[in-house]
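2 protein chains.
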Amino acid sequence: MPKKPARKREETLRDLLRLPPGERIELSRYDARATPGAPDCKRAALADTARTGKHLAGLQERLWAAGTAGDHRRVLLVLQGMDTSGKGGTVKHVIGRLDPSGCRIRAFKAPTEEERGHDFLWRVRQALPGPGQIGIFDRSHYEDVLIARVRHLARPAEIGSRYGLINDFERTLAEEGVTVVKCFLHLSYDEQRRRLLRRLDRPDKHWKFDPADIGERALWPAYQEAYELALERCAAPHAPWYLVPADRKWYRNWAVGRLLLEELRELDPRYPEADFDVAECRERLLEQT
Amino acid sequence: MPKKPARKREETLRDLLRLPPGERIELSRYDARATPGAPDCKRAALADTARTGKHLAGLQERLWAAGTAGDHRRVLLVLQGMDTSGKGGTVKHVIGRLDPSGCRIRAFKAPTEEERGHDFLWRVRQALPGPGQIGIFDRSHYEDVLIARVRHLARPAEIGSRYGLINDFERTLAEEGVTVVKCFLHLSYDEQRRRLLRRLDRPDKHWKFDPADIGERALWPAYQEAYELALERCAAPHAPWYLVPADRKWYRNWAVGRLLLEELRELDPRYPEADFDVAECRERLLEQT
Numbered sequence: 001m002p003k004k005p006a007r008k009r010e011e012t013l014r015d016l017l018r019l020p021p022g023e024r025i026e027l028s029r030y031d032a033r034a035t036p037g038a039p040d041c042k043r044a045a046l047a048d049t050a051r052t053g054k055h056l057a058g059l060q061e062r063l064w065a066a067g068t069a070g071d072h073r074r075v076l077l078v079l080q081g082m083d084t085s086g087k088g089g090t091v092k093h094v095i096g097r098l099d100p101s102g103c104r105i106r107a108f109k110a111p112t113e114e115e116r117g118h119d120f121l122w123r124v125r126q127a128l129p130g131p132g133q134i135g136i137f138d139r140s141h142y143e144d145v146l147i148a149r150v151r152h153l154a155r156p157a158e159i160g161s162r163y164g165l166i167n168d169f170e171r172t173l174a175e176e177g178v179t180v181v182k183c184f185l186h187l188s189y190d191e192q193r194r195r196l197l198r199r200l201d202r203p204d205k206h207w208k209f210d211p212a213d214i215g216e217r218a219l220w221p222a223y224q225e226a227y228e229l230a231l232e233r234c235a236a237p238h239a240p241w242y243l244v245p246a247d248r249k250w251y252r253n254w255a256v257g258r259l260l261l262e263e264l265r266e267l268d269p270r271y272p273e274a275d276f277d278v279a280e281c282r283e284r285l286l287e288q289t
Numbered sequence: 001m002p003k004k005p006a007r008k009r010e011e012t013l014r015d016l017l018r019l020p021p022g023e024r025i026e027l028s029r030y031d032a033r034a035t036p037g038a039p040d041c042k043r044a045a046l047a048d049t050a051r052t053g054k055h056l057a058g059l060q061e062r063l064w065a066a067g068t069a070g071d072h073r074r075v076l077l078v079l080q081g082m083d084t085s086g087k088g089g090t091v092k093h094v095i096g097r098l099d100p101s102g103c104r105i106r107a108f109k110a111p112t113e114e115e116r117g118h119d120f121l122w123r124v125r126q127a128l129p130g131p132g133q134i135g136i137f138d139r140s141h142y143e144d145v146l147i148a149r150v151r152h153l154a155r156p157a158e159i160g161s162r163y164g165l166i167n168d169f170e171r172t173l174a175e176e177g178v179t180v181v182k183c184f185l186h187l188s189y190d191e192q193r194r195r196l197l198r199r200l201d202r203p204d205k206h207w208k209f210d211p212a213d214i215g216e217r218a219l220w221p222a223y224q225e226a227y228e229l230a231l232e233r234c235a236a237p238h239a240p241w242y243l244v245p246a247d248r249k250w251y252r253n254w255a256v257g258r259l260l261l262e263e264l265r266e267l268d269p270r271y272p273e274a275d276f277d278v279a280e281c282r283e284r285l286l287e288q289t
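In order, the protein sequences belong to chains C and D. Note that the first sequence covers residues 1 to 289 in full-length UniProt numbering. Note that the second sequence covers residues 1 to 289 in full-length UniProt numbering.
Written out as structure tokens, the structure reads:
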């Protein structure tokens, strides 16, 4: 009888999108229109995204339930990417499928005066998810090595020291039971122009447009370089970076949902067992007139 | 030619569910299984809830967009009700249809030591929605005249003073542009028992059960009385109470969605007009190589 072939470990989306830690990254070599691992067509991907949403919601409830019984684990999704890469859209379309009570969402803007009075990780620590929660950062502490670098918002030596501080911080998070999922939404220069022009074409999108975005766009190469450094220097086995091609919105939503699903499945949170006498409680309830 | 009859103002769900301010409330006279204003059947209500969700999401985007341009208006949904009345379920099924980025959700538990060091409204003020946001309170400052009254957590005189403080607070909110929508999810004693028993029947629901709920249930009459006082004393034209019959989950979700929709339609938030030169921005974008 022929031997059964050893079952090959299935390649996960995490395997496909994870950036190799420690290696030099050249973003220009990654196609922002690519759709690695995706279903055959957009239609199938949309259907799969909806299914994934249902699974995610079920796992989220288990995670939350486990959290009520002392399980300290939680998930933190970090979304980074150039303007219009779809950080907000990902929150709407992926996180929007979860129970909002179990999510903690924070969008980071330019730091306030109070925030500037503390170290750059302070405001991030204030916004972490609690046990059982799924936290979402729309931008994050990475801005302090991205725009800060490109716009010279701090001395070079200080910025240089932040990569290590970020790594230490993320290691502490891992030790405290936080699964960190960092997604870089990789957008092409051309697609950004299309999206900005579309915002100008539609009066109901004007509020999303800031003329300052044009100036930021002029610094595209500097931003790409700053991203390359951050992706290279701040990738660790416990906090890898995933490069999510983001020119196609349906792929971006599908991929981020799948990455979260893979992580939550691995966490495998369980409903806690009753720490009370179920039969006795039932009797007491039935006795109440 | 016959005169056209004056068009009658259509009765809104708010008209149907609003508790008459200043009148004595007897909760036992309200049927918790009633479905005032609802579509003919559950199936039609579910479909309408989904449609309402889409409208709500559209209006939420406008509210948020207006908020980015200086419109200070926002909405605060306050959910109160006995255990198992469905506060969490309402958040999941109604608020879950909105963009989570524009929502600020806070579930109030027993106050922490820090919170107890401040006046009872302090923690509530920390959790208010910002301009353009929709805030959701799962329990609220009303607990300080509900469980606090039933469980004697403060001196009677102090509790007595809180109704006025709440009214002052909610008037200030209205003046600051916060539309307060207070929903009392009205559950029957029998339905609560059914729901608690169901939690005991299903191991995946045990985590939601707390044996202390049985003791709280024994105080049902005292809680109903405390609710009656709160609903009577803290109703104002700018912050009315809506009594939402909650024995049928599909009605509860439908009704809370509709109430929010009516409020948001009345607010009629608008996309702000561009405060920049659209044509010039387009040219600048097209000039960038």
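Using N, Cα and C, we set each Cβ at its ideal position, and we do this for glycine too.
As summarised for the segment 174-227 of chain D, the continuous beta strand (DSSP E) elements at least 3 residues long and confined to that stretch are 178-186, given in chain order.
Under a criterion of Cβ atoms nearer than 7 Å, no residue of chain D is adjacent to D71 of chain C; the nearest Cβ is some 11 Å distant. Annotation for D48 of chain C: P39 place their beta carbon closer than 6 Å to its own, counting only its chain and skipping 5 residues before and after.
Note that the C-beta distance between I136 of chain D and I95 of chain D is below 8 Å. Contacts between G88 of chain C and chain D, judged by CB atoms closer than 7 Å, involve S101 in chain order. K109 of chain D counts as exposed, since fewer than 16 other beta carbons sit within 10 angstroms of its beta carbon.
For Q133 of chain D, no chain C residue has a Cβ inside 8 Å of its Cβ, as the nearest lies near 11 Å away.
For R284 of chain C, the chain D residues whose Cβ falls inside 7 Å of its Cβ are I214, in order along the chain.
Note: P245 of chain C is bridge-paired with C:H186 in the DSSP secondary-structure output. Annotation: Cβ neighbours of Q288 of chain D in chain C (cutoff 8 Å, chain order): R193, I214, R217, A218.
Taking CB atoms only, L196 of chain D has a neighbour in chain C less than 8 Å away. The beta carbon of F169 of chain C lies closer than 6 Å to those of L121 in the same chain, with the five residues before and after it left out. A Cβ-Cβ contact shorter than 8 Å links V244 of chain D with L17 of chain D. Judged by beta-carbon spacing, V75 of chain C lies within the 8 Å limit of P129 of chain C, meaning their Cβ atoms are closer than that value. Residue range 147-150 is occupied by the alpha helix (DSSP H) that includes V150 of chain C. When C-alpha distances from P203 of chain D are compared across C:V278, C:P240, C:E263, C:G102, the shortest belongs to C:V278.
For N253 of chain C and A32 of chain C, the gap between their C-alpha atoms comes out near 14 Å. When the five nearest sequence neighbours on each side are left out, the beta carbons in the same chain lying within less than 8 Å of the beta carbon of R198 of chain C are those of K205, in order along the chain.
In the DSSP assignment, L77 of chain D falls within the unbroken beta strand (DSSP E) covering 74-81.
Distances from the CA of V78 of chain D to each of D:H141, D:L19, D:D71 were compared; the closest alpha carbon is that of D:H141. Listed in chain order, the alpha helix (DSSP H) elements of length 4 or more contained wholly in the segment 85-118 of chain C are 87-93, 113-116.
A Cβ-Cβ separation of about 19 Å leaves H238 of chain C out of contact with R162 of chain C under the 8 Å criterion.
R265 of chain C places its beta carbon less than 8 Å from that of L59 of chain C.
For R24 of chain D, the closest C-alpha among the options D:A274, D:R270, D:F209, D:E228 is that of D:E228.
For G67 of chain D, there is no enclosing beta strand (DSSP E); the residue is part of the alpha helix (DSSP H) that begins and ends at 42-67. Sequence-distant partners of E175 of chain C (beyond 5 residues in either direction) whose C-beta falls short of 6 Å from its own C-beta are missing from its chain. Note on T35 of chain C: 16 or more other CB atoms within 10 angstroms of its CB, so buried under the neighbour-count rule.
A direct Cα-Cα distance of roughly 31 Å separates A66 of chain D from A255 of chain C. Going by DSSP, D138 of chain D is part of the beta strand (DSSP E) stretching over 134-138. Chain order gives the chain C residues near D204 of chain D as Y271, where near means a beta carbon separation below 7 Å. Boundaries of the alpha helix (DSSP H) harbouring Q126 of chain D: 122-126, taken from the DSSP string.
CA-to-CA, the gap between R116 of chain D and L153 of chain D works out to about 11 Å. DSSP places R252 of chain C in the helix class (H, G or I) of the three-state scheme.
As the crow flies, the alpha-carbon of P20 of chain C is around 9 Å from that of A236 of chain C.
Contact between L13 of chain D and L56 of chain D does not hold, since their C-beta atoms are separated by about 14 Å, which reaches or exceeds 8 Å. Taken atom to atom, the span from the alpha-carbon of W220 of chain C to that of R194 of chain C is near 15 Å.
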